[in-house]
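There are 2 protein chains.
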Amino acid sequence: MAMKRATASVIRTVWGSGVVEPLPISRSLHASPGSKKIVGVFYKGNEYASSNPNFVGCVENALGISQWLESQGHQYIVTDDKEGPNCELEKHIPDLHVLISTPFHPAYVTAERIKKAKNLQLLLTARIGSDHIDLQAAADTGVTVAEVTGCNVVSVAEDELMRILILVRNFLPGYHQVINGDWKVAGISHRAYDLEGKTVGTVGAGRIGKLLLQRLKPFNCNLLYHDRLKMELEMEAQTGAKFEEDLDVMLPKCDVIVINMPLTEKTRGMFDKERIAKLKKGVLILNNARGAIMDTEAVVEACSSGQIGGYSGDVWHPQPAPKDHPWRGMPNQAMTPHVSGTTIDAQLRYAAGTKDMLDRYFKGEEFPAQNYIVKEGKIASQYL
Amino acid sequence: MAMKRATASVIRTVWGSGVVEPLPISRSLHASPGSKKIVGVFYKGNEYASSNPNFVGCVENALGISQWLESQGHQYIVTDDKEGPNCELEKHIPDLHVLISTPFHPAYVTAERIKKAKNLQLLLTARIGSDHIDLQAAADTGVTVAEVTGCNVVSVAEDELMRILILVRNFLPGYHQVINGDWKVAGISHRAYDLEGKTVGTVGAGRIGKLLLQRLKPFNCNLLYHDRLKMELEMEAQTGAKFEEDLDVMLPKCDVIVINMPLTEKTRGMFDKERIAKLKKGVLILNNARGAIMDTEAVVEACSSGQIGGYSGDVWHPQPAPKDHPWRGMPNQAMTPHVSGTTIDAQLRYAAGTKDMLDRYFKGEEFPAQNYIVKEGKIASQYL
Chain A
10 MAMKRATASV IRTVWGSGVV EPLPISRSLH ASPGSKKIVG VFYKGNEYAS
60 SNPNFVGCVE NALGISQWLE SQGHQYIVTD DKEGPNCELE KHIPDLHVLI
110 STPFHPAYVT AERIKKAKNL QLLLTARIGS DHIDLQAAAD TGVTVAEVTG
160 CNVVSVAEDE LMRILILVRN FLPGYHQVIN GDWKVAGISH RAYDLEGKTV
210 GTVGAGRIGK LLLQRLKPFN CNLLYHDRLK MELEMEAQTG AKFEEDLDVM
260 LPKCDVIVIN MPLTEKTRGM FDKERIAKLK KGVLILNNAR GAIMDTEAVV
310 EACSSGQIGG YSGDVWHPQP APKDHPWRGM PNQAMTPHVS GTTIDAQLRY
360 AAGTKDMLDR YFKGEEFPAQ NYIVKEGKIA SQYL
Chain B
10 MAMKRATASV IRTVWGSGVV EPLPISRSLH ASPGSKKIVG VFYKGNEYAS
60 SNPNFVGCVE NALGISQWLE SQGHQYIVTD DKEGPNCELE KHIPDLHVLI
110 STPFHPAYVT AERIKKAKNL QLLLTARIGS DHIDLQAAAD TGVTVAEVTG
160 CNVVSVAEDE LMRILILVRN FLPGYHQVIN GDWKVAGISH RAYDLEGKTV
210 GTVGAGRIGK LLLQRLKPFN CNLLYHDRLK MELEMEAQTG AKFEEDLDVM
260 LPKCDVIVIN MPLTEKTRGM FDKERIAKLK KGVLILNNAR GAIMDTEAVV
310 EACSSGQIGG YSGDVWHPQP APKDHPWRGM PNQAMTPHVS GTTIDAQLRY
360 AAGTKDMLDR YFKGEEFPAQ NYIVKEGKIA SQYL
């Protein structure tokens, strides 16, 4: 793996004691020797930082790797201050070697920042989802981009099922009645349904989509999926989900649509006014993928008219969502800030995955193949 | 089946054409011939009554059986006015033959009301859960009590899984941030978890408990259940749930406790201060069974101290919950009015089940055996 501005150096790794021949593939060292400057951009924990020893995802706890990095002579700077020309992140751009970021509180890595970052070798996304990075600019300058693939797929799939149930069963109006001192069952039950028997379609059936389908299986729904490829026969048999080659044939069949694909130039804004108008009246839409896949205003209009019966998800455009983001106040929304993949369990997994990749980087070893988003100038297929 | 004040009459039913012998068990006609007075107590639909043609559970739509009853010469009165000496229900108590009620908006059928109801033959609960009826008084006077058993078990099991996820994943603080214009991921994620790997125990594994365990299976939890009896081996194998004979041995193992048993004199107040103190610190409790199984104040105290990390459910004591019910304002609650079993799908099922029993009652036929709660002076075992 060629690393931008890294000292060229070839190593031979011996895999197990029985191997005497050098491996046929030469590997470049990820890192030049010596101390590295690593910057991590995370959300602030504030008063919660010390409330839970496993709450490693916040600035204060910095993935729990500060001591480990410093004991090896590396410099590790963490901040949540990531916007504007005078922010803390901007100060370190010229001489950092590694930038760790997350999609929850994304450090937007633009072509301009990449150009300015003369020492930059590695962009680590401590989770899944690297669309906050200009991947083409990274590829063009030989910077490696990697994610902790798989670290939070269970978290997101669980969260999706929760949101499907919240919308189908019309949970929130009941909760509002409780906190407002009301008791009007009809105001809830006139549009509350069972999930059983409904048609649920996932747009994208990658790791998260498959885990969702497995969890939906006992609910006795009619399960559909659209993806570039048909899934393995075993998974189809296990989940009972039916492949729909044509997205626009699948969508109007669905009572519930779940969006499970990355944000790319192809998917940006794909749920626009025209496409939403072709959906079933009162359709429920669940999007934990990326906010910009939706046309923001089209969603607001359709929620107001009843064309969309409920919209839930934890992704917005931009993030953090401004105070006046129109999704905050639209009817029948069940939104949260971007949290589905940052449960305590997921934090422990992505902290461990990030540490593992840093360790491999220091040692000049390859990352797990599925973690690469940009490698040697090539962008991973799911981002094309 | 002996019916109070019903004309004694014995019929022989021929089960299929091949049966020539009279059946060994004689059956009484449920009803004497002629017009019956039937009273239904439901919640008001108000402005929602006409919003959905399948919204049959409200007073205005009256289970969709008005025309059918009236065409047969019966009188059918529906009301939501059920409390106090001058309420609409009270006026009809002296001469009604059948009272249809639901647990969402319960018509409390006391011994006093039963005594006053000289013509009363049948108490139909258009759903599951007849603890709003004095079953002993019904048994003592020969009144039959029946439920639409099974009509909403799927609805409640789905709702339980939704609430488990809402608590485990700490959904509501995120939702509040959205509507309040905030974005503080740490305020959510410091106590948000995946369900995967957690220990979930159900107290009671009847129809609802089993459906819940089936739906929990793909979440890779550690599943436990306590009941009077071990479930069938096949169901244990299918769900992977482990039987716990001793409730108080099971409870402290649980990260999540789900209450799935009827309210009886044995279960009333069983989750009191002492029992709650023995649970895991921060335990999540889910109760869609009956509010009075909990000691109201003990729950408030434990939610305030953090001993209970989250409490959700749709059952209260009494119902409707008064405006100042302390559960409305306690921390980490995810409550709703009593709605889990009154989705549109469930309404259609319990309307059909009620109609079927009325039809059988008019024709002097038996109900499905599992529907009987009080029959010929005997109370069903689950209520003892």
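Respectively, the protein sequence lines represent chains A and B. My numbering runs 9 ahead of the 1-based position in the first sequence. My numbering runs 9 ahead of the 1-based position in the second sequence. All C-beta atoms, glycine included, are put in the ideal place defined by N, C-alpha and C. Keep in mind the model is a prediction, meaning the values are calculated, not measured.
When DSSP assignments are scanned along the stretch 50 to 79 of chain B, no uninterrupted stretch of alpha helix (DSSP H) that is 4 or more residues long falls wholly within it.
Note on geometry: alpha-carbon atoms of B/Ala71 and B/Val50 lie some 9 Å from one another. When DSSP reads this structure, A/Ser321 sits in a beta bridge with A/Leu295 and A/Ala343. The beta carbons of A/Glu167 and B/Phe228 sit closer together than 9 Å. Counting other Cβ atoms within 10 Å of its Cβ, A/Lys91 reaches 16 or more and is therefore classed as buried. Remark: C-beta atoms of A/Leu176 and A/Leu357 do not approach each other more closely than 9 Å. Contact between the stretch 194 to 214 of chain A and the stretch 245 to 265 of chain A is present: three or more C-beta pairs spanning the two stretches fall below 8 Å. Rounded to the nearest whole angstrom, the C-alpha separation of A/Met270 and B/Arg224 is 25 Å.
Taking 9 Å as the CB threshold, A/Ile142 stays off the interface with chain B. Scanning chain B for C-beta atoms nearer than 7 Å to the C-beta of A/Val348 yields Gly183, Val194, Ile197, Ser198 and Ala201, reported in chain order. Annotation: the continuous beta strand (DSSP E) that includes A/Gln84 extends over Gln84 to Thr88.
Within a 10 Å sphere around the beta-carbon of B/Glu169 sit 16 or more other beta-carbons, which makes this residue buried.
Under the three-state reduction of DSSP, B/His141 is assigned to coil, being neither helix nor strand.
With respect to chain B, the C-beta atom of A/Lys332 has a partner C-beta closer than 9 Å. In this structure, the straight-line span from the alpha carbon of A/Lys290 to that of A/Glu79 is close to 57 Å. The beta carbon of B/Pro227 sits closer than 9 Å to some beta carbon of chain A. Between B/Ala120 and B/Leu108, the beta carbon gap of about 14 Å keeps them out of contact (Cβ cut-off 8 Å). Residue environment for A/Ile317: buried (at least 16 other C-beta atoms within 10 angstroms of its C-beta).
Contact annotation: B/Leu295 and B/Ile173 have beta-carbon atoms nearer than 9 Å. Beta-bridge analysis with DSSP links B/Glu156 to B/Thr134. Annotation: B/Leu225 is outside any beta strand (DSSP E); the continuous alpha helix (DSSP H) that includes it extends over Arg216 to Leu225. Of the other Cβ atoms in all chains shown, 16 or more fall within 10 Å of the Cβ of A/Gln130; this residue is therefore buried. Residue state for B/Lys282 is assigned as helix, using DSSP reduced to three classes. Counting every other CB atom within 10 Å of its CB across the protein chains shown gives A/Gln81 a total below 16, marking it as exposed. For chain A, none of the residues of the stretch 248 to 266 of chain B brings a beta carbon within less than 7 Å of one of its beta carbons.
Against chain B, the beta carbon of A/Cys67 has neighbours under 7 Å at Ala195, listed in chain order.
In the DSSP assignment, A/Leu232 falls within the unbroken beta strand (DSSP E) covering Asn231 to His235. With a threshold of 16 other beta carbon atoms within 10 Å, B/Lys219 meets it and is buried.
For A/Ser198, the enclosing alpha helix (DSSP H) begins and ends at Ala195 to Ser198.
Against chain A, the CB of B/Tyr381 has no partner CB under 9 Å away; the residue lies outside that interface. For B/Leu242, the enclosing alpha helix (DSSP H) starts and ends at Leu242 to Thr248. Taking 9 Å as the threshold, the shortest C-beta distance from A/Asp90 to chain B does not fall below it. In the three-state reduction of the DSSP assignment, B/Val267 falls in the strand class, which pools E and B.
For the stretch 103 to 125 of chain B, the residues whose beta carbon sits under 7 Å from a beta carbon of chain A are, in order, Phe113 and His114. One alpha carbon belongs to B/Ala146, the other to B/Val154, and they sit about 11 Å apart. For B/Lys251, the beta-bridge partners assigned by DSSP are B/Leu233.
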